[in-house]
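Asks:
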Amino acid sequence: MKAAGVKFTAYQYPGTQHGFNNDTTPRYDAAAAKLSWDRTVAFLKAHLASEG
Numbered sequence: 000m001k002a003a004g005v006k007f008t009a010y011q012y013p014g015t016q017h018g019f020n021n022d023t024t025p026r027y028d029a030a031a032a033k034l035s036w037d038r039t040v041a042f043l044k045a046h047l048a049s050e051g
């Protein structure tokens, strides 16, 4: 992404494993999942046009 000149923000969630947002596995981390989902929703609200 850097090489392509794309602006981005990368987040890491300490102590989590791949799939930490999957609540059907022992890797699930509720706090990290909530934070990552909140960040996703905020990004979408900021970058997508609202209908209506």
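In numbering that gives the first Met the number 0, the protein residues as written are 0 to 51.
Where a beta carbon is used, it is the ideal one built from N, C-alpha and C, also for glycine.
#1: Looking only at C-alpha atoms, which of Ser49, Tyr12 and Ala41 sits nearest to Asp28?
#2: Distance check for Gly4 and Ala45, CA to CA, integer angstroms please.
#3: Rounded to whole angstroms, what is the Cα-Cα separation between Phe19 and Thr8?
#4: Using a threshold of 7 Å, state whether the C-beta atoms of Ala31 and Thr15 are closer than that.
Replies: A quick look at the data gives this:
#1: Tyr12
#2: 20 Å
#3: 19 Å
#4: yes
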